[in-house]
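So the sequence shown is numbered by our numbering: it starts at 1 and just counts up by one.
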Amino acid sequence: MLLKLLTLPVLGPIEGVIWIGEQIQERVDSEIDDRDNLQKQLLSLQLAFDLGDISEEEFEEKEEELLIKIQALEEAENAEEMEDITL
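What follows is the structure in structure tokens.
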């Protein structure tokens with residue numbers, strides 16, 4: 001504990017940068033996972049429709065919901081990229 005307090009002025013900023021990097025990595029991973037999960041759900045939905053497990057109306061309704069979610073993720077990513085560019 002004492003050693004940590006003594007090294008805080010030197011190691012504190014380094015640990016802060018490491019923490020920020022970890023937070024950014026977690027967010028990127030979760031966004032990639034979200035997109036992958038939506039793509040897998042869309043593929044699963046297509047397979048269920050092809051096998052005749054769901055009706056065309058149900059397929060179209062769920063497909064539209066998934067596509068809207070995918071589009072929202074892409075728009076959010078594009079907005080973040082534009083925000084980063086302007087900074």
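Backbone N, C-alpha and C fix where the C-beta goes; we use that ideal spot for every residue, glycine too.
Own chain residues within Cβ distance below 7 Å of residue i, not counting five before or after
i, result
"residue 27", "none"
Candidates the options: closest to residue i by CA position
i, options, result
"residue 43", "25, 23, 64 and 77", "64"
"residue 80", "49, 24 and 52", "24"
"residue 69", "5, 36 and 2", "36"
Limits of the alpha helix (DSSP H) - the one that residue i falls within
i, result
"residue 33", "2-50"
"residue 84", "56-86"
Contacting residues, own chain, Cβ-Cβ under 8 Å from residue i (five flanking each side not counted)
i, result
"residue 66", "38, 41, 42 and 45"
Anticipated Cβ contact below 8 Å, residue i with residue j, distance rounded
i, j, result
"residue 73", "residue 29", "Contact flag wrong, Cβ pair sits at about 14 Å."
"residue 75", "residue 31", "No, residue 75 and residue 31 are not in contact; Cβ-Cβ is about 12 Å, not under 8 Å."
Cβ-heavy atom distance, residue i to the ligand GTP, below 7 Å
i, result
"residue 45", "This structure lacks the ligand GTP; in fact it carries no ligand of any kind."
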